[in-house]
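Novice: In the numbering used here, the protein residues as written are 103 to 215. Note that beta-carbon positions come from the ideal geometry of N, C-alpha and C, so glycine has one too. To start, I am sharing the structure in question, which I have written as structure tokens.
Structure below.
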């Protein structure tokens, strides 16, 4: 059975505010990246560094197991010397966070540096 889900549609100003609040980073540049069900951004921080921000769709956010597997797989591969993205924890130390956006369904975030 097909489940209706909502692809995130955040503006660059919403992304900037969220990145400042969750990661204490100030984006100097934000570029949208291709995505099927989710929304992805390439961010350049004014503090230095480049990041990918992944915003999951509303349906996948309800069951974060897939994102957890992806995240811990990246961590495992990186710890064993493979060149993979690393996850940037939020200011509270979380590897992922659920956020409600404009009273829409919750959305899962992960930032990679």
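Run through the region 120-150 for me and flag every whole beta strand (DSSP E) of 3 or more residues, listed as ranges in chain order.
Specialist: Taking only runs of at least 3 residues, the beta strand (DSSP E) segments lying wholly in the region 120-150 are 129-135 and 141-147.
Novice: Residue 140 and residue 156 look like a contact to me (Cβ under 8 Å); what is the Cβ gap, rounded to whole Å?
Specialist: Yes, residue 140 and residue 156 are in contact; Cβ-Cβ is about 6 Å, under 8 Å.
Novice: Buried or exposed for residue 159, going by 16 or more other Cβ atoms inside 10 Å?
Specialist: Result: buried.
Novice: On the three-state DSSP scale, how would you describe residue 202?
Specialist: Three-state DSSP puts residue 202 in coil, outside helix and strand.
Novice: Apart from the five residues on each side of it in sequence, which residues of its chain come closer than 7 Å, Cβ to Cβ, to residue 134?
Specialist: Same-chain partners within the cutoff: 143.
Novice: What is the rounded straight-line gap between the Cα of residue 128 and the Cα of residue 172?
Specialist: The alpha-carbon atoms of residue 128 and residue 172 are separated by roughly 26 Å.
Novice: Helix, strand or coil for residue 168 per DSSP?
Specialist: DSSP places residue 168 in helix when its eight states are reduced to three.
Novice: Give the single residue among 149, 120, 113 and 148 whose Cα lies nearest to the Cα of residue 201.
Specialist: Per the Cα distances, 120.
Novice: Would you please state the rounded distance, in angstroms, between the beta carbons of residue 186 and residue 179? I believe it to be under 8 Å.
Specialist: Confirmed, about 5 Å.
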